[in-house]
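Inspection log for the structure reproduced underneath, given as structure tokens.
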Amino acid sequence: MSESGQHVWVVEAQPKIFAYHEQVLEGFSVNDVTTPCTTC
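Numbered as in our numbering, the sequence shown ends at 49 without a single skipped number.
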């Protein structure tokens, strides 16, 4: 990755991605997806 590309990724893109994920996963619990199947 070029130096300018790395700057865009680290300084501009990643913080926005992390903030988005933090927002959409608020209130989400690991238990929401790890509950054992009772009909399997």
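A virtual CB, placed ideally from N, CA and C, is assigned to each residue, including glycine. Just so we're clear, the structure is a prediction, and the values are computed from it rather than from any experiment.
Asked	Found
Through-space distance from S38 to Q23, alpha-carbon basis	23 Å
Straight-line Cα distance separating F27 from M10	20 Å
Range of the contiguous alpha helix (DSSP H) that encloses S13	12 to 16
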